[in-house]
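Okay, so here's the structure we're looking at.
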Amino acid sequence: NIDRSGAVAQGLYAINCYMGMQWDENQPEDHVRYARNDLMGLVREDLGYDMARHVDSSVHMFDEWGLPMMRNEKTGRYLREGKWQIMIHGESYKPIVAEAAKKSADKIYNRIMITHLLMDESKDNRVGGAVGFNMRTGNFHVFRAKAVIVAAGGASHIFKPRAVGEGMGRTWYAPWSNGSAYALPIAVGAKMTQMENRIVLTRFKDGYGPVGAYFLHLKTYTQNANGENYEEKWYDQTKELVGEYIDHTPVPTCLRNHAFIEEVKAGRGPIQMVTTEAFQDPHLEEIGWENFLGMTIGQAVVWASQDIDPKYT
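Oh and the sequence shown: position 97 is 77 in the working numbering, straight run, nothing missing.
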């Protein structure tokens, strides 16, 4: 059901890309430069630019639809979490988007598993519809359309998680994202691009709580099992591997993840996030817990059930 289905179904505490062009905070060219650095050159700059120039108008629609946006008390602008992210109260993010979808369409078909796209016989290289079946009733549906958008998410569970117990079945991305967003267009001859990139996210063990707000807003940091800053240990090795990219600001995400993985392989894991300093501030402590309750309730439950208090642990 679109009210609570797909990615960020539990909610979202930040919108991860907002240019702020109306205030000249960032421009599409800035985002292209950021993406080019973070992906170490493996990027379609034209696609990145096209996305970046439209993202602000999408965020403004969320604002109009009633999504509670956090604002800077001094400037009145959207509150920044980092250079690109803005903070929201997004526990109802998906229902708000679903309500807008319902108002824009005559009918919503829920729980339909699309299996194939249909090509338009009268126009070359054009999709004219889709077929699928209802997951509850088994009824087969044939849809004809003037335009078809595939927004089915990526592919989860490609790599085995280190989480245990209930955490084995959890992912940050929707567990039912089975790669159909790739398979459907590939089957009808679509040209695929950027497939060499993977998104592998650092998450809290067992609960899969997000870490973005902790790093960017709460200014927490990570260390190895010995309480050491481990990233600097891998500087020389990474420099030899990738050259100047290790000296770029910001350091590409994949290189920080590389240091994380190498440190664990070297036997100095697990990697810990230091929350005790930030959580001494009652306001930041509140944000830390709200961050989980707004989009990954299971993470708050894991810590509470194991008597883990990030203020002291």
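Even for Gly, the Cβ is constructed at its ideal location relative to N, Cα and C. Just so it is clear, the structure is predicted and the values come from calculations on it, not from any experiment.
What span of residues does the beta strand (DSSP E) with residue i cover, start to end?
i	result
His197	That residue, His197, is in no beta strand (DSSP E); it is neither H nor E in DSSP.
Ala110	107 to 114
Ile92	92 to 99
Val254	252 to 254
Phe120	120 to 124
What does the Cβ neighbour count give for residue i, buried or exposed, with the cut at 16 atoms within 10 Å?
i	result
Ile288	exposed
Tyr292	exposed
Ser38	exposed
Arg150	buried
Thr218	buried
Trp45	exposed
Leu27	exposed
Asp86	exposed
Glu243	buried
Ser102	exposed
Tyr188	buried
Gln279	buried
Ile241	exposed
Pro250	exposed
Could you give the DSSP three-state label for residue i: helix, strand or coil?
i	result
Tyr58	strand
Ala78	helix
Ile277	helix
Thr151	coil
Val282	helix
Ala(-6)	strand
Ala135	strand
Arg51	strand
Ile68	strand
Gln203	strand
Trp156	coil
Ala127	coil
Could you check the C-alpha separation between residue i and residue j for me, to the nearest Å?
i	j	result
His137	Val180	11 Å
Ala143	Glu266	26 Å
Leu22	Leu235	14 Å
Arg60	Leu196	9 Å
Met148	Asp227	36 Å
Gly192	Val222	25 Å
Asp30	Gly247	43 Å
Gly108	Ile94	14 Å
Glu212	Thr229	15 Å
Gly70	Met253	24 Å
Pro232	Glu220	15 Å
Gly133	Gln203	32 Å
Gly274	Ser84	27 Å
Glu352	Ser72	The structure shown does not extend to residue 352, since the chain spans only -19 to 293, so no value can be given for it.
Val169	Arg91	Before going further, note that residue 169 is Gly rather than Val in the sequence given. The straight-line gap from Cα to Cα measures roughly 26 Å.
Gly317	Leu(-8)	A question about residue 317 goes unanswered here, because the residues of the chain that appear run from -19 up to 293.
Pro141	Lys54	42 Å
Asn237	Ala205	16 Å
Lys199	Ala125	48 Å
His11	Arg116	43 Å
Between which two residues does the alpha helix (DSSP H) carrying residue i extend?
i	result
Gln217	215 to 222
Val12	8 to 18
Val231	Where Val231 is concerned, there is no enclosing alpha helix (DSSP H), given that its DSSP letter is neither H nor E.
Tyr89	Note, Tyr89: premise wrong, no alpha helix (DSSP H); not H, not E.
Asp26	25 to 45
Ser102	Where Ser102 is concerned, there is no enclosing alpha helix (DSSP H), given that its DSSP letter is neither H nor E.
Ala161	160 to 167
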